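Some notes on the structure that comes next.
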Amino acid sequence: MNAYLAPATHSVLDESLTHIAELLQRHPELHLPTLIQGNAGIGLFFAYLYQYRPREEYLEACATQLEQAIEAVSTSDQTPFLATGFLGLGWVVAHLIRQGVLDEEAEEVLDAIRPAIVTAATTGPISTTYDLLYGFLGASVFFSEHADADYGAPQRAILAQLRRQALPVAAGTAWTNSSDPTDRSFNLGLAHGIPSVVVVLLQLRKQGYDPAQCELLIRGAIRFVLAQEKATGHSLFATSVEGAKPLATSRLAWCHGDLGVALMLLLAGTELQDPDLRHKGLEVARHAAGRPLASSGVSVTEGPGGVDVGFCHGTAGIALLFLRLHQLTGDELLGQTARYWLELTLTNLTPRLQELSAAFWIKEFDGESPDLEQRYGVLEGIAGVGLTLLAFANPEKADWTRLFLLAL
50 MNAYLAPATH SVLDESLTHI AELLQRHPEL HLPTLIQGNA GIGLFFAYLY
100 QYRPREEYLE ACATQLEQAI EAVSTSDQTP FLATGFLGLG WVVAHLIRQG
150 VLDEEAEEVL DAIRPAIVTA ATTGPISTTY DLLYGFLGAS VFFSEHADAD
200 YGAPQRAILA QLRRQALPVA AGTAWTNSSD PTDRSFNLGL AHGIPSVVVV
250 LLQLRKQGYD PAQCELLIRG AIRFVLAQEK ATGHSLFATS VEGAKPLATS
300 RLAWCHGDLG VALMLLLAGT ELQDPDLRHK GLEVARHAAG RPLASSGVSV
350 TEGPGGVDVG FCHGTAGIAL LFLRLHQLTG DELLGQTARY WLELTLTNLT
400 PRLQELSAAF WIKEFDGESP DLEQRYGVLE GIAGVGLTLL AFANPEKADW
450 TRLFLLAL
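Going by this note's numbering, the first residue of the sequence shown is number 50, and it counts up by one from there.
So, in structure tokens, the structure goes:
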């Protein structure tokens, strides 16, 4: 019996997974090849659906999606980003080999792109930007996932780059992702900010890369983040601080806000065996649990299915964050809150899926018509919602969450 799901909720969740799979099996050749927008991420969904429901059609769907992505990488220029480039495909392939879904023959794909990833992360276009989705932190996450290869040199180079880019500030240590040297703005979100640096440093420390240096940077970064805590408001922490355009509020989401800070503190407290950090992480998480939909910052429009259910900044991502926080603490309030956001997701997902099924179409993604990304992808679409549902339905098989820094 699933401890997180009532039987009625489990039934609706299973129906939703079936419907998502039916939609994502249509026209795989029309999707972009990328992780967050298309084939690579959809393939990841089908791999985990296969582990939950071992049906051959789902394994075949996974293979079809990945073949589309591999073909695109081998025949056209691709960016080196985790989000929208060959790095994302590499992570999915490495992860699914590690999970036993793909066999060792898939290593040929990694052999082909590994040199380009190492170059991009150490001396190439992402070597100076720490961002997870579009910078060298994404490469570090890939190196950590592809454990069978020796990535000691590039991982040490990434650690050295983080050490060079670390800014000593009054409250501790911080990193800025502003390209303007006169604009020292500091992002406090898990997608693009200092918590992402902390989680990657925790991974590097765990793997034995200069643990003392990692811990020094980790503790300095946490001191800086905690110094930004506000006394009032729906959120305890801002989206960004200082710089030309600080954003004092933050929404509940995977990408920004208190949930990422709470997760950072709990992961750090566990890895560093620091009960004070764990206590503070639980405090931040319980405060976030007091924010209902109305004050969460989640986009809501009129009509059925009008609530954003996506992973990045919608209800699915919030549900998954609370689930992870509950798993890390055992706190029942966080478990109840995870179920609250899951129910919101399922309620608003059903009409969304019905709409997509009745009027299925895909526009070419051109940056101005983001239907691929918003409707079908991992970050904002139904593939990401599907992965979140699977994390509730099959919580022992949710290792894909390492991709989004939800686990070490």
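Glycine included, each C-beta is placed from N, C-alpha and C at the ideal position. Quantities reported herein were computed from a predicted structural model and do not represent experimental measurements.
Thr58 in three-state terms, based on DSSP: Helix at Thr58.
CB of Leu372 within 8 Å of CB of Ala387, strictly: A contact, by the Cβ cut-off of 8 Å.
heavy atom of the ligand ATP below 7 Å from Ala317 C-beta: You won't find the ligand ATP in this model; it holds no ligand whatsoever.
Buried versus exposed, by CB contacts within 10 Å (16 or more), Ala57: Exposed, by the Cβ-count rule.
Rounded C-alpha distance that separates Gly134 from Leu81: Near 10 Å, if we compare the C-alpha coordinates of Leu81 and Gly134.
Opposing strand residues paired with Ser189 [DSSP bridges]: Partner(s): none; Ser189 has no beta bridge.
With 16 other Cβ atoms within 10 Å as the buried cut-off, status of Val158: It counts as buried.
Spatial distance of Glu264 from Val274 (CA atoms): Spanning the alpha carbons of Glu264 and Val274 requires a straight line of approximately 15 Å.
Environment of Gly238 [buried if 16+ CB atoms lie within 10 Å]: With 16 or more Cβ atoms within 10 Å of its Cβ, Gly238 is classed as buried.
Beta-bridge pairing of Ser234 - partner residues as DSSP gives them: DSSP lists Glu291 as the beta-bridge partner residues of Ser234.
Sequence ranges, alpha helix (DSSP H) only - wholly within the stretch 374-413, length at least 4: Runs of the alpha helix (DSSP H) inside the stretch 374-413: 381-407.
Cα-Cα separation between Ala447 and Thr222, rounded to whole angstroms: It is roughly 32 Å from the alpha-carbon of Ala447 to the alpha-carbon of Thr222.
Range covered by the alpha helix (DSSP H) that runs through Gly459: The chain is shown only over 50 to 457; residue 459 falls outside these bounds and no answer can be derived.
Residue(s) in a DSSP beta bridge with Pro77: Per DSSP, none; premise fails for Pro77.
The stretch 120-136 contacting the stretch 95-110, beta-carbon criterion three pairs below 8 Å: Contact between the stretch 120-136 and the stretch 95-110 is absent, because fewer than three Cβ pairs lie under 8 Å.
Classification of Glu320 by the beta-carbon crowding that lies within 10 angstroms, buried from 16 upward: Its Cβ being crowded by 16 or more others within 10 Å, Glu320 is buried.
Spatial distance of Val246 from Gln385 (CA atoms): Cα to Cα, Val246 sits roughly 29 Å from Gln385.
Unbroken stretches of the alpha helix (DSSP H), 4 residues or longer, contained in the stretch 253-330: Taking only runs of at least 4 residues, the alpha helix (DSSP H) segments lying wholly in the stretch 253-330 are 260-276, 307-320.
Reduced DSSP category for Val158 - H, G, I as helix; E, B as strand; rest coil: Note: Val158 maps to helix in three-state DSSP.
Cα-Cα separation, Leu454 to Thr178: Looking at the two C-alpha atoms, the distance is approximately 17 Å.
Neighbour-count burial assignment, Asp357, 16 or more Cβ in a 10 Å radius: Counting Cβ neighbours within 10 Å, Asp357 comes out buried, since at least 16 surround it.
Pick from Leu342, Ala338, Gly346, Ala311 that is closest to Lys329, judged by C-alpha positions: Lys329 has its Cα closest to that of Ala311, out of Leu342, Ala338, Gly346, Ala311.
Identity of the residues DSSP links to Thr128 by a beta bridge: Beta bridge pairing from DSSP links Thr128 with Gly134.
Contact set for His362: own chain, Cβ-Cβ below 6 Å, skip 5 residues either direction: Setting aside the 5 residues that flank it on each side, His362 is surrounded in the same chain by Ala302, Cys304, each with a C-beta closer than 6 Å to its C-beta; the list follows chain order.
Burial state of Pro217 (16 or more Cβ within 10 Å): Pro217 should be labelled exposed.
Contact between the stretch 207-217 and the stretch 159-167 (3+ Cβ pairs under 8 Å): Because the criterion of three Cβ pairs below 8 Å is not met, the stretch 207-217 and the stretch 159-167 do not touch.
Counted within 10 angstroms of its Cβ, other Cβ atoms place Pro77 as buried (16 or more) or exposed: Buried.
Pro444 in three-state terms, based on DSSP: DSSP places Pro444 in the coil class of the three-state scheme, outside both helix and strand.
C-beta contact flag for Tyr53 and Phe441 at 8 Å: Yes, these two residues count as a Cβ contact at 8 Å.
Three-pair Cβ contact test at 8 Å for the stretch 65-72 versus the stretch 426-436: By the C-beta criterion, the stretch 65-72 is judged to be in contact with the stretch 426-436, since at least 3 inter-stretch pairs fall below 8 Å.
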